[in-house]
Amino acid sequence: MKFKILLLLLLFDIYVYSQHKQAASGLNQIKEESFIRINGIEQWVTINGDSTKPIVLFLHGGPGSPLSPYADGIYGHWKKDFLLVQWDQRGTARTYGRNAPEELSPEYLQSNPLTIQQMTSDGIELTRFLIKRFEKHKIILFGSSWGSVLGVKMAQENPELLYAYIGHSQLVNPPASNLTAHSKLVQLIQQSNDQASLDILHSIGKPPYDTAKNAGRFMRIIKKYQQINAMPPPASWFLMAPEYDNEKDNQHRSDGDDYSFVHYTGDKRLGIAPMSATINFFEDGLVFKIPVFFIQGAEDIQTPAGINKKYFKKIKAPRKKFFLLPKTEHGFNQSVIDTHFTIMKKYIVPTIKGL
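Just so you know, my numbering puts 338 at position 338 of the sequence shown, and the rest follows in order with no gaps.
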């Protein structure tokens, strides 16, 4: 009888400890969605996960292509391991809508330039806010496609704020990448007997293009062909969260995408110089004071593996590693997400003191 009582008391203690641990874990889970004032304008930021875990700041692509409407579907299962931060950059989606004109006109485009310097400054300011808000020493930075431009710039300007930088589909030298992509497309199109696409390439010529319209036509052909031999993402990933699927948000995403794309590609008729023409990390992006990791798709035509491997070999960093993923294009799929998670858990988190 005495033994049974002791056993019951022990089981009760274990139950109470387990419930207390679960409650504490629940208290650490936060979900915040709000506009934060960054460098003079309000910008949309969502924060989701465990506040005691490392912060991961995601720099989305485009420019003008937010991850926030899809973040739960892609990264929701990471919330117990990290504090996940999505940010609609200046000119994107809800941030664009918060500061939008009544009409996206040529006059607005001309008088409201989008610059790499300004957006890099925004990213650094947001990083400082997050470190102070959650009493952290540093964060993990992830940049995808266009976001990787800001990632490199932030990592070089303020390495003391970052544990490491992870670049996915890294932009290195867009003018050179576009010429390589054009040659690859001609080869693939001729092999496929795709006369319609070949006619478009012939009509717009080789890059660089002096109108955003022709740059967009070129980009659509790239996307068509780099998907052919790649593993697609699960369809559920890009089902928009209901709170973002409404007329107002849809309009702001569309206008913000147009506004950002024109500034990225440039448009001679509108008098807008291309941001993309100013990017060449072979010249000013070779030295890092933090660990650097690249995730590269073997089927990526937009940011070709050949150029990115050449750039990566020239990088000087305390630690660096290049992950080349088969059957993977420029965008996300399961392999990209799994590799990103592995990099953080295997190479970065073990180096963070105090966890």
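Just so it is clear, CB atoms sit at the ideal spot from N, CA and C, and this is done for glycine as well.
Using CA coordinates, which residue listed in the options is at the minimum distance from residue i?
i: residue 92; options: 114, 86, 65, 76; result: 65
i: residue 197; options: 185, 157, 151; result: 185
i: residue 320; options: 299, 298, 334, 344; result: 344
i: residue 106; options: 50, 258, 317; result: 258
i: residue 146; options: 38, 296, 299, 264; result: 264
i: residue 36; options: 215, 98, 29; result: 98
i: residue 73; options: 214, 254, 261, 242; result: 242
i: residue 308; options: 96, 178, 216; result: 178
i: residue 30; options: 38, 39, 49; result: 49
i: residue 203; options: 41, 182, 223; result: 182
i: residue 193; options: 205, 215, 225, 71; result: 225
i: residue 282; options: 28, 94, 172; result: 172
i: residue 300; options: 137, 313, 325; result: 325
i: residue 148; options: 302, 61, 340; result: 61
i: residue 125; options: 39, 251, 137, 219; result: 39
If I'm right that residue i touches residue j with Cβ under 8 Å, what's the distance once you round it to whole angstroms?
i: residue 86; j: residue 58; result: 5 Å
i: residue 90; j: residue 118; result: 7 Å
i: residue 163; j: residue 200; result: Incorrect: roughly 44 Å between the Cβ atoms, too far for contact.
i: residue 134; j: residue 56; result: Not really, about 12 Å apart at Cβ, beyond 8 Å.
i: residue 33; j: residue 52; result: About 20 Å; that fails the 8 Å criterion.
i: residue 180; j: residue 304; result: 5 Å
i: residue 161; j: residue 127; result: 5 Å
i: residue 302; j: residue 323; result: No, residue 302 and residue 323 are not in contact; Cβ-Cβ is about 17 Å, not under 8 Å.
i: residue 256; j: residue 96; result: 3 Å
i: residue 116; j: residue 275; result: 6 Å
How would you call residue i, buried or exposed, if buried means at least 16 neighbouring beta carbons within 10 angstroms?
i: residue 245; result: exposed
i: residue 249; result: buried
i: residue 22; result: Confidence at residue 22 is low in this model, with a pLDDT of 37, below 50, so the placement of that residue should be treated as unreliable; the coordinate-derived value is given next. It is exposed - the Cβ of residue 22 has fewer than 16 other Cβ atoms within 10 Å.
i: residue 287; result: exposed
i: residue 10; result: For residue 10, the pLDDT reaches just 42, beneath the cut-off of 50, and the residue's location in the model is therefore unreliable, although a value from the coordinates is still provided. Exposed is the call here.
i: residue 285; result: buried
i: residue 114; result: buried
i: residue 247; result: exposed
i: residue 190; result: exposed
i: residue 348; result: buried
i: residue 277; result: exposed
i: residue 77; result: exposed
i: residue 43; result: buried
i: residue 1; result: Caution applies to residue 1, whose pLDDT of 49 falls short of 50 and renders its modelled position unreliable; the value that the coordinates give is listed next. The residue is exposed, with fewer than 16 neighbouring Cβ atoms inside 10 Å.
i: residue 351; result: exposed
i: residue 71; result: buried
i: residue 83; result: buried
i: residue 306; result: exposed
i: residue 252; result: buried
Using a threshold of 7 Å, is the CB atom of residue i nearer than that to any non-hydrogen atom of the ligand ADP?
i: residue 42; result: In terms of ligand content, the structure shown is empty, and the ligand ADP therefore cannot be addressed.
Exercise. Do the segment 225-240 and the segment 279-295 make contact, defined as three or more Cβ pairs closer than 8 Å?
Worked result: When C-beta atoms of the segment 225-240 are compared with those of the segment 279-295, fewer than three pairs fall below 8 Å, so the two segments do not count as touching.
Exercise. How about the segment 161-172 and the segment 327-342: do they share at least three Cβ pairs that are nearer than 8 Å?
Worked result: Yes, they touch.
Exercise. If we count Cβ pairs, one from each stretch, closer than 8 Å, do we get three or more for the segment 65-80 versus the segment 151-164?
Worked result: Using a C-beta cut-off of 8 Å, the segment 65-80 makes no contact with the segment 151-164, since fewer than three inter-stretch Cβ pairs fall below that distance.
Exercise. At what residue ranges does the segment 178-207 contain a whole run of the alpha helix (DSSP H), taking only runs of 4 or more?
Worked result: Complete alpha helix (DSSP H) runs here, min 4: 195-204.
Problem set entry | Stretch-stretch touch, CB-based, cutoff 8 Å, three pairs: the segment 324-331 with the segment 219-238 | With the cut-off at 8 Å, the segment 324-331 and the segment 219-238 touch.
For this session: Evaluate the contact criterion for the segment 207-219 versus the segment 265-281: three or more CB pairs, one atom per stretch, below 8 Å.
Result: Taking 8 Å as the limit for Cβ pairs, the verdict is that the segment 265-281 does touch the segment 207-219.
For this session: Jot down the residue ranges of each uninterrupted alpha helix (DSSP H) in the segment 101-160, minimum 4 residues, whole runs only, in chain order.
Result: The qualifying runs are 106-111, 116-133, 146-157.
For this session: Pick out the complete alpha helix (DSSP H) segments inside the segment 22-103, 4 residues or longer, and give them in chain order.
Result: The segment 22-103 contains these whole alpha helix (DSSP H) runs: 71-75, 93-98.
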